[in-house]
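Asks:
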Amino acid sequence: MKTVSIAILLFLLILSLFNSKRDLRKYNTFKALTGTSERQAMFKKMLLESFLIYGCLGLLALYILGRFSALTQFPDFLMEYSTYLRSFRIHNIEEITLIKILKLALVYLIPFLLLATTLLNLIMVYVQHKKTDEKSTEVSPDAINHLMPRNAAERSWVTLISINAGFSEEIFFRLLLPILFFNIFGSSLISVLLASLWFGLVHAYQGISGIISTLIAGLMLFYIFILTQNIWITILVHIILDLNGLVITPLFNNFLEQKSASKIA
Numbered sequence: 002m003k004t005v006s007i008a009i010l011l012f013l014l015i016l017s018l019f020n021s022k023r024d025l026r027k028y029n030t031f032k033a034l035t036g037t038s039e040r041q042a043m044f045k046k047m048l049l050e051s052f053l054i055y056g057c058l059g060l061l062a063l064y065i066l067g068r069f070s071a072l073t074q075f076p077d078f079l080m081e082y083s084t085y086l087r088s089f090r091i092h093n094i095e096e097i098t099l100i101k102i103l104k105l106a107l108v109y110l111i112p113f114l115l116l117a118t119t120l121l122n123l124i125m126v127y128v129q130h131k132k133t134d135e136k137s138t139e140v141s142p143d144a145i146n147h148l149m150p151r152n153a154a155e156r157s158w159v160t161l162i163s164i165n166a167g168f169s170e171e172i173f174f175r176l177l178l179p180i181l182f183f184n185i186f187g188s189s190l191i192s193v194l195l196a197s198l199w200f201g202l203v204h205a206y207q208g209i210s211g212i213i214s215t216l217i218a219g220l221m222l223f224y225i226f227i228l229t230q231n232i233w234i235t236i237l238v239h240i241i242l243d244l245n246g247l248v249i250t251p252l253f254n255n256f257l258e259q260k261s262a263s264k265i266a
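Here's what the structure looks like:
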């Protein structure tokens, strides 16, 4: 199985390097697009490529490895970490101590921060618009991410991209890669770190800040996976985060812009 894992990993590494170079070219091309039909065509291409490379190949590789059951059964090599995190529980009032409360708060801090991101983003957008209204009625186009949808049709594509990213990327980076790395190196820690690093590097087209932020997000999603022992909950959290950043927040931003414009009119 180690030989098979090495062969699969080498194939995926070559494919990932090739795809990362294409992603950089595609992103630069995408930034220059102005027509919505061209942008929608690019969104469609992004969706299909991501689903095929990360979703379909991820599932196929799991099947070849005989680990398709990982979709419903938590990997054994991560169980030690999960058991440790889940041990911080208070079963009755007599067990309550300051140390236990602090440990419990620490364990559930990351899930809380991830889910609170949606609300915090909306608050930040609202505050930013308040400041903009006080200084000027215009919003700098440089502040708008090129991937943000500009109309309802684009929003539909971006919604599908977000849902697919949650499913396909979690299958690939939180299930397949850790299993491959564990089969090769026999270390659960190395498998988590290398899979998270890979997750960050495939977003190299976003620059250094994109790599770092994605790497951190990957580690936090790993934390959710280890804590819940459920890849589908992790997929759901990933989808919520992507929808928040690419759909919900821009939609709220547009609402505030229209509200500001109506006040001026």
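Residue numbers (the numbering used here): 2 to 266. All residues carry an ideal CB built from backbone N, CA and C; glycine is no exception.
1. Among Gly219, Ile162, Ile191, which one has its Cα closest to the Cα of Leu244?
2. As a quick exercise: from Gly56, Lys27, Gly36, pick the residue whose alpha carbon is nearest that of Leu13.
3. Could you check if Met80 is buried or exposed, using at least 16 other CB atoms within 10 Å of its CB as the buried criterion?
4. Quick check: what's the CA-CA separation for Leu242 versus Thr160?
5. Can you tell which of Met221, Leu216, Phe226, Leu18 has the C-alpha that lies nearest to the C-alpha of Ile54?
6. By Cβ distance below 6 Å, which residues in the same chain neighbour Ser141 in space, the five residues on each side in sequence not counted?
7. Would you say Ser197 and Phe223 are within 8 Å of each other, going by their C-beta atoms?
8. So, helix, strand or coil for Asn165, using DSSP?
9. Looking only at its chain, what residues have a beta carbon closer than 6 Å to the beta carbon of Phe78, apart from the 5 residues adjacent to it on each side?
10. Our contact map puts Trp158 next to Leu48 with C-beta atoms below 8 Å; I'd like the distance itself, whole angstroms only.
11. CB-CB under 7 Å to Leu177, same chain, minus the five flanking residues each way: which ones, in chain order?
12. Along the chain, where does the alpha helix (DSSP H) containing Gln230 start, and where does it finish?
13. Thinking C-alpha only, which one of Tyr85, Gly201, Thr229, Phe253 is nearest Ser21?
14. Assuming Ile191 is part of the alpha helix (DSSP H), what are its boundary residues?
15. Would you kindly report the start and end of the unbroken alpha helix (DSSP H) that includes Tyr85?
16. Give me the Cα-Cα distance between Leu10 and Thr73, rounded to the nearest whole angstrom.
17. Rounded to the nearest angstrom, how far is the Cβ of Ser6 from that of Ile185, given a contact under 8 Å?
18. Excluding five sequence neighbours on each side, which residues of the same chain lie with their C-beta closer than 8 Å to the C-beta of Ser83?
19. Quick one: measure Cβ to Cβ for Arg151 and Thr37, integer angstroms, because I've assumed they're closer than 8 Å.
20. Rounded to a whole number of angstroms, what is the C-alpha to C-alpha distance between Lys27 and Ile225?
Replies: A quick look at the data gives this:
1. Out of Gly219, Ile162, Ile191, the CA that lies nearest to the CA of Leu244 is found in Ile162.
2. Gly56
3. exposed
4. 12 Å
5. Leu18
6. Interpretation of Ser141 is limited by its pLDDT of 37, a score under 50 that renders its predicted location unreliable; no figure is taken from the coordinates.
7. It is a contact, given that the beta carbons lie within the stated cut-off.
8. helix
9. Phe183, Ser189
10. The beta-carbon separation of Trp158 and Leu48, rounded to 7 Å, stays under the 8 Å limit for a contact.
11. Answer for Leu177: Gly59, Ala62, Leu63, listed in chain order.
12. Premise fails: Gln230 is in no alpha helix (DSSP H) and is neither H nor E.
13. Gly201
14. 189-202
15. 80-87
16. 23 Å
17. 5 Å
18. Phe75, Ile227, Leu228, Gln230
19. Contact between Arg151 and Thr37 holds: their C-beta atoms lie close to 6 Å from each other, under 8 Å.
20. Separation of Lys27 and Ile225 (C-alpha to C-alpha, rounded to the nearest whole angstrom) is 31 Å.
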